[in-house]
Amino acid sequence: MTTDRAAERLAWLRRTLGDDSLMLENASADASFRSYWRTHHASRSWVVMDSPPALEDPAPWLALGQRLASAGLHVPEVRAADLERGFLLIEDLGTRMYLPELSNATVDRLYDDALAALLRMQSACGIDGLAPYDRAFLARELAIMPEWFLGRHLGVTLDDDELATLDGAFAVLLDNALAQPTVFVHRDFHSRNLLVIDSDAPLRSPGIIDFQGALAGPITYDLASLLRDCYIAWPRERVEAWAEGYRVQLRQAGLIDEAVDTATFLRWFDLTGLQRHIKVLGIFCRLHYRDGKRGYLGDLPRVFDYVIDVAAGYPALQPLADLLASYAGDRDLTRAVAEA
């Protein structure tokens, strides 16, 4: 099956570009069923996005990419698309992901670019036709953590009191998300999905990828994805300063009103990020145990630290922090159950 798909992919590329000598090399894969393959033709590099329709419908990626491009954001240009087969020939944005480029010397400049792109996204993309990031959706995401992080990874079965603790904390997080203005939410706006683009490109950095899951949701969601990135951490004071600077920009753009002061916005930001990180604890474990994607457990400690640090800062969420800390103990969270 894999060999047949590879042959079909290569044949489609050669027909599309009219060159029977073309070859493909693996460019990258992600946490979904999509894969990406690089080729070189007529002094230009292109990428074939392979998105098997039965597993990962490419149509949302295409439609959302057009919406983002129309707002002036740098997403991959589409040269050709075969939605029935699930092949797209797209611009190669290169390999300069934000993550390895970030350092104390570069982070302010790179984040300035990313925050400018985020403001444009939230100002110009609109939410017409987007599915809502509503209470039910957010709650389903939170439920991934007790099943896969506590249950599968730590081997925990919660009693009724502990389940009530989770339910109470989750209700606080859901209320917080739904209290915020609703905007276009990328949902994975972080250092592995942002790329540094060469300065002579028609559009400036960052290049933006992996946007096919966009929803209409809380205004601080993508901000938390960027500033409390699951793959790199910064000191709290620096993060809060960036968040406050963005609050001011949102106010100037008319996306929030003057009643949203520093404390209100920080609470929105903290608890929205907490919802995301609780979900990610479960997703990273699910990727490892169910999907065989072995690289994600290595990032669990950083995500877990975010959860404990933020939850412990709010009295209503302290019981959640205590519960999770009691079960994690001093365990090495990067080790799978079979290795423990």
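Using this note's numbering, the letters of the sequence shown map in sequence onto residues 781 to 1120. Glycine residues also receive a C-beta, built at the ideal position from the N, C-alpha and C atoms.
Supposed contact pair residue j and residue i - C-beta distance, whole angstroms, cut 8 Å
{"i": "Val1090", "j": "Leu1061", "result": "That pair is no contact at about 13 Å."}
{"i": "Ile999", "j": "Leu958", "result": "12 Å between Cβ atoms; not a contact."}
{"i": "Val828", "j": "Arg789", "result": "6 Å"}
{"i": "Thr937", "j": "Leu1100", "result": "Between Leu1100 and Thr937 the Cβ distance is about 17 Å, and since that is not below 8 Å, they are no contact."}
{"i": "Trp826", "j": "Arg859", "result": "7 Å"}
{"i": "Arg984", "j": "His854", "result": "7 Å"}
Status (buried if at least 16 other CB within 10 Å, exposed otherwise) for residue i
{"i": "Ala897", "result": "buried"}
{"i": "Leu1007", "result": "buried"}
{"i": "Arg1027", "result": "buried"}
{"i": "Met901", "result": "buried"}
{"i": "Phe969", "result": "buried"}
{"i": "Pro986", "result": "buried"}
{"i": "Asp830", "result": "buried"}
{"i": "Met781", "result": "At Met781, the pLDDT of 47 sits below 50, so the modelled position is not reliable and the matter cannot be decided from this model."}
{"i": "Thr1052", "result": "buried"}
{"i": "Met877", "result": "buried"}
{"i": "Gly1075", "result": "exposed"}
{"i": "Ala911", "result": "exposed"}
{"i": "Arg972", "result": "buried"}
{"i": "Pro838", "result": "buried"}
{"i": "Gln960", "result": "buried"}
{"i": "Arg814", "result": "buried"}
Proximity below 8 Å, CB of residue i to CB of residue j
{"i": "Gly1002", "j": "Val965", "result": "Reading the sequence as shown, one finds Asp at residue 1002 and not Gly. Result yes, Cβ atoms of Asp1002 and Val965 sit closer than 8 Å."}
{"i": "Pro832", "j": "Ile989", "result": "no"}
{"i": "Ile1012", "j": "Leu879", "result": "yes"}
{"i": "Ala1023", "j": "Phe1049", "result": "yes"}
{"i": "Arg932", "j": "Tyr1069", "result": "yes"}
{"i": "Ala996", "j": "Tyr1094", "result": "no"}
{"i": "Leu793", "j": "Leu863", "result": "no"}
{"i": "Leu1103", "j": "Glu942", "result": "yes"}
{"i": "Ala994", "j": "Leu844", "result": "yes"}
{"i": "Lys1059", "j": "Leu1067", "result": "no"}
{"i": "Leu953", "j": "Leu890", "result": "no"}
{"i": "Ala904", "j": "Ala851", "result": "yes"}
{"i": "Ala894", "j": "Leu975", "result": "no"}
{"i": "Ile1063", "j": "Ile924", "result": "yes"}
{"i": "Arg1056", "j": "Ala1092", "result": "no"}
{"i": "Arg1047", "j": "Asn956", "result": "yes"}
Cβ neighbours of residue i in the same chain (closer than 8 Å, five flanking residues each side left out)
{"i": "Glu805", "result": "Trp817, Arg818, Thr819"}
{"i": "Ser1106", "result": "none"}
{"i": "Thr1042", "result": "Glu1024, Arg1027"}
{"i": "Leu1113", "result": "His933, Leu1077, Leu1080, Pro1081, Phe1084"}
{"i": "Gly1109", "result": "none"}
Close beta carbons around residue i, own chain, < 7 Å, minus the five adjacent residues each side
{"i": "Leu797", "result": "His821"}
{"i": "Leu802", "result": "Leu793, Arg794, Thr819, His821"}
{"i": "Ala1116", "result": "His1068, Leu1077"}
{"i": "Ala786", "result": "none"}
{"i": "Phe867", "result": "Arg789, Trp792, Val828, Asp830"}
{"i": "Asp799", "result": "His821"}
Same chain, Cβ closer than 6 Å to residue i, neighbours up to 5 away in sequence not counted
{"i": "Leu930", "result": "Val936"}
{"i": "Ala949", "result": "Leu1097, Leu1100"}
{"i": "Phe1045", "result": "Arg1027"}
{"i": "Trp841", "result": "Gln992"}
{"i": "Leu1030", "result": "Ile1036"}
{"i": "Leu899", "result": "Gln1029"}
{"i": "Glu881", "result": "Val976"}
{"i": "Glu871", "result": "Pro856, Glu857"}
{"i": "Ser808", "result": "Tyr816"}
List in chain order: all unbroken alpha helix (DSSP H) runs of 4+ residues lying wholly within the stretch 1008-1035. DSSP runs (the alpha helix (DSSP H)) wholly in the stretch 1008-1035: 1016-1032.
In chain order, which alpha helix (DSSP H) runs of at least 4 residues are fully inside the stretch 923-989? Counting whole runs of 4 or more residues, the stretch 923-989 contains the alpha helix (DSSP H) stretches 940-958.
Can you check the stretch 820-906 for any alpha helix (DSSP H) of at least 4 residues that lies completely inside it and give the ranges in chain order? Within the stretch 820-906, the runs of alpha helix (DSSP H) at least 4 residues long that lie entirely inside it are, in chain order, 839-850, 878-881, 887-904.
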